[in-house]
Each structure stands twice: as structure tokens, then as C-alpha cells.
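> Mind looking over this structure? Questions follow.
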RNA sequence: GCGCCCGUAGCUCAGUGGAUAGAGCGCGUGCCUCCGGAGCACGAGGUCGCAGGUUCGAAUCCUGCCGGGCGCGCCA
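Numbering (the working numbering), first residue to last: 46 to 631.
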């Protein structure tokens with residue numbers, strides 16, 4: 046199945062072909078001018094250019110043929126050569142019935158399953174998670190859901206930063222302070238102790254980082270410790286492991302609270318054993334060369350219009366960099382999963398880094414031509430001043446705090462609502478959590494992926510207007526209506542009867558596959574947000590313009606219930622692609 | 001210096017070369033004897049940064065400026 050516009054494109058395309066015009070010019074889309082028509086085709090004007098003819102003349106010929114098709118209620122030509130189309134209610138109703146009968150709601154699926162590895166985590170261990178981690182998690186997890194629905198076998202990898210210099214800083218500091226034994230004593234099953242360690246890490250890290258910046262000797266100690274960890278020297282490695290395990294506990298909690306899922310909990314360290322063989326191989330094949338004491342892979346090309354620095358495999362101090370682990374991670378992923386795609390949801394600022402890694406990977410044949418490597422970058426999260434977001438204290442807001450604020454606000458709202466009186470505390474808590482997640486995710490996902498965006502706490506925890514909670518509200522309202530209908534013995538019909546009040550909603554319900562395809566193709570969930578919002582909003586108008594349960598015409602009532610049911614399914618499905626769950630009531 | 005991204009309503013943002021550029025917030029006016037008002041309807045608010053060009057047609061494509069953000073070898 047496909048969207049209605051796609052179906053009409055096939056019909057109109059065939060008519061173009063019959064006139065010896067390119068069939069793809071027959072593409073039909075939802076009209077920009079709903080006051081004039083339901084659908085439009087602009088191909089006659091483009092065809093005029095190709096055929097060197099008058100566009101209206103071409104349009105006339107096309108329209109004459111199209112009129113043989115009884116599924117169009119109205120066909121006319123406007124302006125320079127727009128072909129405006131209305132379909133018959135019968136055709137629309139039949140299409141809608143097919144969508145309703147399809148468990149996939151008309152969205153097509155991959156013919157053959159392919160594996161996609163998605164990289165959307167990247168938090169560093171030993172540091173608390175903050176709002177800067179939000180975008181990658183939310184966008185990546187949404188794409189994981191979208192791609193799964195499209196038929197991919199998806200593997201979301203948290204790919205945490207556990208192998209870098211920051212670990213060398215921290216561990217060298219603990220050893221200097223003589224606290225290694227104390228750290229090793231910590232019982233990971235003891236929540237208080239783990240919290241204490243995380244707190245301590247949060248205080249130590251900025252201090253050491255500052256010290257390393259000022260003092261070269263201190264910096265060398267940290268670099269030295271980093272190499273020792275990477276060489277798995279017992280004391281260093283054991284401390285590293287302890288800190289990592291403690292960190293992962295908090296990380297899992299944070300992601301669970303956000304309802305962001307990962308299939309793989311790997312880190313940079315996990316590919317360590319791939320590095321040496323990979324480097325040997327690259328050296329043997331002359332891709333890797335020594336330069337200024339470091340080992341690099343030159344990746345610049347003659348046709349470059351900019352400087353592309355080499356990918357660095359080993360620093361002159363013998364340590365590896367994240368380019369090294371990223372390249373080795375491709376080795377591992379190709380070997381273990383044979384993916385068709387590897388997609389990275391990482392800040393746009395790292396675009397050059399990925400270009401270097403991808404080039405090296407292509408040159409050396411680590412990822413064959415059949416493997417798509419994409420950096421689906423996103424813009425920086427800025428504060429209201431347009432600069433990278435900082436709290437008033439100068440730090441970055443913790444993810445935990447943001448979640449708590451949103452949940453508190455939702456809880457407060459629920460307490461105000463009269464409906465909440467018969468909810469148990471557990472149900473209230475569950476609803477508050479769902480509302481908070483919906484608010485945060487929808488606020489983020491509705492932004493186009495590339496551009497920077499302003500982090501606005503009020504907007505992120507707002508429940509009115511174009512927000513997640515608004516969407517939940519509309520879905521819940523439909524559920525409530527359908528329950529009432531069921532209780533009074535009314536059932537939705539399998540077919541549709543369409544009056545003027547029903548048509549806008551009916552037409553919109555045929556568009557979901559287009560929004561899905563756009564989001565999938567470009568790794569951009571905001572197309573789904575647009576559709577979901579339009580659907581919720583159009584439903585709300587529909588709901589306001591006719592009273593469904595008291596409708597006396599039984600066929601019309603059953604049809605309207607079917608529209609409600611389909612709207613509800615589409616809303617829940619679209620929201621599920623965004624990682625948003627709909628409660629039964631709120 | 002070179003390169004990438006962005007300039008659309010007071011604010012935050014959508015806008016696959018097409019008709020009269022759209023939402024939300026905020027502002028103004030209506031709407032609860034009826035299915036959930038976290039709502040609905042209506043209104044005010046625009047030199048789409050500026051200037052050229054391509055095109056029957058440009059917010060969209062090209063060029064040049066102006067303004068903002070970011071990146072460019074041993075952090076990630």
C-alpha cells in the first residue's frame with residue numbers, strides 16, 4: 046500500500062506516459078490551496094518546457110484523458126497550468142477502508158530485511174549526564190523506532206566514551222590522592238555508595254581538567270595514566286572498570302527514565318582489541334604512515350576545496366584517539382553485524398571528524414561500498430542568549446533535574462484536574478511520567494535536525510499548544526469517546542460515509558505514509574511531528590464541529606466512530622515512532 | 001585564511017522550484033444546559049538579511065555582500 050497521493054501519482058503518471066511525457070512529471074500532491082482542490086499536479090508546466098509547447102495546451106490534453114477515469118469528482122486547470130483534482134467520496138472512502146484494514150496503516154516495508162547500526166549515545170563515563178545528551182538520544186531513538194517499523198533490524202549502540210583522556214585524569218588523581226583502595230572497596234549494589242562516587246567524580250573532574258590545562262606536568266601524568274589504562278595495567282585498569290560499572294548504573298537509569306532504548310551497551314574500550322590488528326593492516330598496506338611521532342592516515346584528496354587533516358591513529362605519546370576507536374568500531378560492526386547502514390546521531394560540530402573516519406574506512410575497504418555511512422548531525426543546543434546552553438550557575442543542567450522538573454509539573458497538573466481523583470498514586474505517577482517524556486521529546490523532535498536550537502525550559506515543560514501533552518490529550522480524548530461508544534453499544538463501521546465535516550480529517554488520514562517516508566529517508570523525525578500535530582489538530586476541529594455519540598444517522602455515527610478509531614491508531618503509532626507513549630487517561 | 005551551517009511574524013520554529021509564505025507562544029474577540037476547555041473558532045502581526053542572476057514561476061537554485069554560529073593534527 047501507499048499514500049493516496051502516491052496512488053494518484055501512479056494514475057496521473059500513466060496518463061503523462063500515454064502522451065509521451067515523462068511519467069514522473071505526473072506526481073500528485075496534496076493541494077496548497079484546499080479552497081480550490083484536494084490534490085494538484087504541476088507536471089504540465091514542466092512538461093511544456095520539455096515538449097516546447099504551451100503548458101495549458103498540454104494540461105488540456107492530459108485532463109481530457111484523466112476525465113476517462115471515474116475516480117475523479119472534479120478536474121480543472123488553473124493559472125499557468127496547474128491541474129487541480131478532487132476525488133470522489135467513494136474513492137476516498139475505499140482508500141480509507143483499506144488503510145483501516147491494514148495493520149501497518151498503509152506504510153510500506155522493506156522487501157528484504159537489512160541491518161542498521163545506530164549510534165546515538167556517546168555519554169562519557171564518570172560524568173553526570175546533562176541536557177547536552179538529550180538531542181542525540183531523542184533523535185536517534187526515534188530513528189531506531191522508525192527504521193524498525195520500516196523493516197530494518199536495528200541495533201542502537203550507546204557507544205559510551207570510556208577510553209579517553211578524561212579517564213586518565215581522574216584515575217591519576219585518585220592514585221595521587223592515595224584513594225585507589227577506597228574506590229575499589231565500593232559495593233556497586235549499594236546505591237548510596239555509588240551515588241557518592243558519582244558525586245565525587247563530578248567534583249574531581251573539573252578540578253583535574255583545570256589543573257591539566259594550566260600545568261603541563263600534570264597533563265603528562267594524565268596522558269601517561271590514559272596509556273596505562275589502555276594497556277590494561279592492573280591497578281589502572283581495575284580502577285577504570287570500577288568507575289565504569291558505577292557510571293553505567295546511572296546512565297542506564299537516565300536513559301530508562303527518558304524511555305530511550307539501546308540494544309548494545311558498548312563503549313570505546315570494547316574495540317580495543319581490534320585496534321592493533323587494524324593498525325598493522327593499515328601500515329602493511331601503506332594507508333597508515335608515521336608523521337611527527339604520530340601514526341596517521343592521510344585522507345585528503347586532490348579535489349578537496351578545503352584542508353582535510355589526516356586521521357590520527359596513535360598520538361606521539363602512544364595513546365589512541367576517538368578517531369582510532371571510531372574506525373575500529375566500524376571494523377567490529379561490519380564483522381559482527383554486516384550492516385547495510387551505520388548512522389551516527391552526533392553534534393554537527395563533529396562533521397569533519399566523521400568525514401575523516403569515513404574516508405579512511407572507505408579507502409582501506411573497512412566498510413565496503415554497500416555499507417552506508419552517515420553522519421546525521423544536529424545543531425547545537427543554545428541558551429536564550431544564542432550561546433551554548435549553560436545554567437545560571439555556569440554549569441550544564443543535569444538530565445535528571447530536567448526530568449524531575451517536567452514530572453513535577455505534570456503531577457501538579459494532574460492534581461488540579463478533576464479526573465485524577467480516582468487515580469491511584471501509581472497511575473498518577475505513570476501518567477505524570479508519560480506527560481513529561483512527551484513534552485520533552487516532542488519539543489525537541491519538532492525542530493529540524495540540522496539547525497541549532499534554543500533550549501528553553503518553559504517550552505520543554507509546556508503542555509499547551511503544539512506540544513507532546515496536547516497530542517496525548519487528543520488521543521486520550523478519543524479513547525474516552527470510544528469507550529463510551531462501546532458502553533452504549535455503538536461500534537465503528539468498516540466503511541466510511543463522508544460529509545463536509547468529515548472530509549478534512551478523512552483526507553489527512555491518507556497522508557501518513559508520506560510523512561513516514563520523509564522522516565525515514567532524511568533521518569528527520571520532525572516530519573512525523575508535523576503530521577501528528579496536524580492530525581491531532583484536525584481531529585480537534587472535527588470533534589468540535591459535530592457531536593458523534595448523539596448522531597441520529599446510524600451509518601454516519603458508525604463511520605465517525607471509525608474515523609475516530611483510525612485517528613487514534615494513527616496518533617498512537619506516529620507518537621510511538623517518536624518514542625512517546627499514550628496513557629489511557631490523563 | 002579555508003570550509004560547513006544558519007538569517008522567515010514581537011519570541012520559538014515549519015516550509016520536497018509553483019497559486020494568497022504557515023504553526024505554536026504572546027496579544028485581541030468570541031465559545032462550557034452536549035462526547036474530556038491540556039480545547040475550539042475568529043482577528044491583528046511579514047521588504048522571507050541585502051543586491052544581482054537563472055526560470056513562465058524563487059523563501060527554496062547560482063553568484064556577491066552583510067550579520068550570527070561552528071570546525072580546521074596529537075581533547076571528545
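Every residue, glycine too, gets a C-beta built ideally from N, C-alpha and C.
Rounded to a whole number of angstroms, what is the C-alpha to C-alpha distance between residue 128 and residue 122?
Taking the first residue of the first chain as position 1, residue 128 is located at position 83. Taking the first residue of the first chain as position 1, residue 122 is located at position 77. Residue 128 and residue 122: Cα-Cα distance of roughly 5 Å.
> So does the region 342 to 354 actually touch the region 393 to 410, counting three or more Cβ pairs closer than 8 Å?
Yes, the region 342 to 354 is in contact with the region 393 to 410.
> To the nearest angstrom, how far is the alpha carbon of residue 60 from that of residue 125?
By 1-based counting over the first chain, the position of residue 60 is 15. By 1-based counting over the first chain, the position of residue 125 is 80. When rounded, the distance between both Cα atoms is 19 Å.
> Tell me the rounded alpha-carbon separation between residue 382 and residue 142.
Counted from its first residue, the first chain places residue 382 at position 337. Counted from its first residue, the first chain places residue 142 at position 97. Each residue's alpha carbon lies about 40 Å from the other.
> Looking at the structure shown, is residue 128 part of a helix, part of a strand, or coil, going by DSSP?
Mapped onto the first chain, residue 128 falls at position 83. Strand.
> Check each candidate in 546, 394, 564, 603 and name the one with the smallest Cα separation from residue 587.
As a first step, residue 587 must be located in the first chain, where it is residue number 542. Of the listed residues, the one whose Cα sits closest to residue 587 is 546.
> In angstroms, rounded to a whole number, what distance separates the CA positions of residue 632 and residue 85?
Given that the chain is displayed from residue 46 to residue 631, the structure contains no residue 632 and the question cannot be resolved.
> How many Å lie between residue 175 and residue 602 at the Cα?
Stepping through the first chain from its first residue, residue 175 is reached at position 130. Stepping through the first chain from its first residue, residue 602 is reached at position 557. In a straight line, the C-alpha of residue 175 is about 50 Å away from that of residue 602.
> Span of the alpha helix (DSSP H) holding residue 148?
By one-based count along the first chain, residue 148 stands at place 103. Where residue 148 is concerned, there is no enclosing alpha helix (DSSP H), given that its DSSP letter is neither H nor E.
> Please list the terminal residues of the continuous beta strand (DSSP E) segment that includes residue 417.
Position 372 of the first chain, counting from 1, holds the residue named residue 417. 417 to 420 is the span of the beta strand (DSSP E), which, as asked, contains residue 417.
> Name the one or two DSSP bridge partners that residue 312 has.
Along the first chain, one-based indexing puts residue 312 at 267. Partner(s): 205.
> What first and last residue would you give for the beta strand (DSSP E) that runs through residue 467?
Sequence index remark: in the first chain, residue 467 carries index 422 (1-based). From DSSP, residue 467 is part of no beta strand (DSSP E); its letter is neither H nor E.
> Name the residue from 88, 78, 79 whose alpha carbon lies nearest to the alpha carbon of residue 54.
For the purposes of this step, residue 54 is identified with residue 9 of the first chain, where counting begins at 1. The shortest Cα separation from residue 54 among 88, 78, 79 belongs to 88.
> If we require 3 or more residues per run, which beta strand (DSSP E) segments fall completely within the region 225 to 310?
The qualifying runs do not exist here; there are none.
> Since I believe residue 424 is in contact with residue 495 (beta carbons under 8 Å), could you give me their beta-carbon distance rounded to a whole number of angstroms?
The count along the first chain starts at 1 and reaches residue 495 at position 450. The count along the first chain starts at 1 and reaches residue 424 at position 379. Their Cβ separation, rounded to whole angstroms, is 6 Å, which keeps residue 495 and residue 424 in contact under 8 Å.
> Quick one: grab the DSSP three-state call for residue 358.
To locate residue 358, count along the first chain from 1; it is residue 313. Three-state DSSP puts residue 358 in a strand.
> Quick one: what's got a C-beta closer than 7 Å to residue 195's C-beta in the same chain, skipping five residues either side?
Within the first chain, the letter at position 150 stands for residue 195. Hits under 7 Å: 154, 155, 565.
> From residue 419 to residue 590, what distance separates their C-alpha atoms?
If you number the first chain from 1, residue 419 lands on position 374. If you number the first chain from 1, residue 590 lands on position 545. Distance between the alpha carbons of residue 419 and residue 590 is about 46 Å.
> Use the C-beta contact count for residue 183: other C-beta atoms within 10 angstroms, 16 or more gives buried, fewer gives exposed.
Start at 1 with the first residue of the first chain, and residue 183 comes out as number 138. Burial call: buried.
> Buried or exposed for residue 99, please, with buried defined as at least 16 other CB atoms from any protein chain shown within 10 angstroms of its CB.
For the purposes of this step, residue 99 is identified with residue 54 of the first chain, where counting begins at 1. Looking at its Cβ environment, which holds fewer than 16 other Cβ atoms inside 10 Å, residue 99 is exposed.
> Restricting to Cα atoms, I'd like to know which of 179, 360, 327 is closest to residue 695.
Outside the displayed range of the chain (46 to 631) lies residue 695, so it cannot be described from this structure.
> Could you check whether the region 202 to 216 touches the region 482 to 491, counting it as contact only if at least three pairs of C-beta atoms, one from each stretch, sit closer than 8 Å?
Flag = no, the region 202 to 216 and the region 482 to 491 do not touch.
> Could you check whether the region 204 to 214 touches the region 263 to 273, counting it as contact only if at least three pairs of C-beta atoms, one from each stretch, sit closer than 8 Å?
Touching, yes.
> Assign residue 233 to buried or exposed, taking buried as 16 or more other Cβ atoms, counted over all protein chains shown, within 10 Å of its Cβ.
Within the first chain, the letter at position 188 stands for residue 233. Exposed, since its Cβ has fewer than 16 Cβ neighbours within 10 Å.
> State buried or exposed for residue 471, treating a residue as buried only when at least 16 other CB atoms are found within 10 Å of its CB.
Working through the first chain from its first residue, we reach residue 471 at position 426. Answer is exposed; the Cβ neighbour count stays below 16.
> Is it the case that the Cβ atoms of residue 107 and residue 159 are separated by a distance below 8 Å?
As a position in the first chain, residue 107 is number 62, starting the count at 1. As a position in the first chain, residue 159 is number 114, starting the count at 1. Contact flag unset, no.
> Between the region 508 to 527 and the region 603 to 620, do three or more beta carbon pairs fall short of 8 Å?
The region 508 to 527 is in contact with the region 603 to 620.
> With three or more C-beta pairs closer than 8 Å as the rule, is the region 324 to 337 touching the region 382 to 397?
Contact between the region 382 to 397 and the region 324 to 337 is absent, because fewer than three Cβ pairs lie under 8 Å.
> Would you mind working out which of 313, 577, 166, 529 sits nearest residue 559, comparing C-alpha positions?
The count along the first chain starts at 1 and reaches residue 559 at position 514. Cα-wise, what sits closest to residue 559 is 577.
> Around the Cβ of residue 276, are there at least 16 other Cβ atoms within 10 angstroms (buried) or fewer (exposed)?
For the purposes of this step, residue 276 is taken as residue 231 along the first chain, with counting starting at 1. When all chains shown are included, residue 276 counts as exposed.
> If you check the beta carbons only, do residue 368 and residue 396 fall under 8 Å apart?
To locate residue 368, count along the first chain from 1; it is residue 323. To locate residue 396, count along the first chain from 1; it is residue 351. No, Cβ-Cβ distance for residue 368 and residue 396 is not below 8 Å.
> Could you tell me which uninterrupted beta strand (DSSP E) segments, each at least 3 residues in length, are contained entirely in the region 537 to 599, listed from first to last along the chain?
Within the region 537 to 599, no complete beta strand (DSSP E) run reaches 3 residues.
> Could you give the DSSP three-state label for residue 63: helix, strand or coil?
Translated into the one-based positions of the first chain, residue 63 becomes position 18. In this structure, residue 63 counts as helix in the three-state DSSP scheme.
> Give me the Cβ distance between residue 579 and residue 543, rounded to the nearest whole Å; I'm assuming they're in contact under 8 Å.
Position 534 of the first chain holds residue 579. Position 498 of the first chain holds residue 543. So it is not a contact: roughly 19 Å between Cβ atoms.
> I'd like to know if the region 198 to 208 and the region 292 to 309 are in contact, where contact means that at least 3 CB-CB pairs between them fall below 8 Å.
As far as the Cβ criterion goes, the region 198 to 208 touches the region 292 to 309, which means the pair count is three or higher.
> Name the residue from 78, 112, 70 whose alpha carbon lies nearest to the alpha carbon of residue 94.
Translated into positions along the first chain, residue 94 becomes position 49. Of the listed residues, the one whose Cα sits closest to residue 94 is 70.
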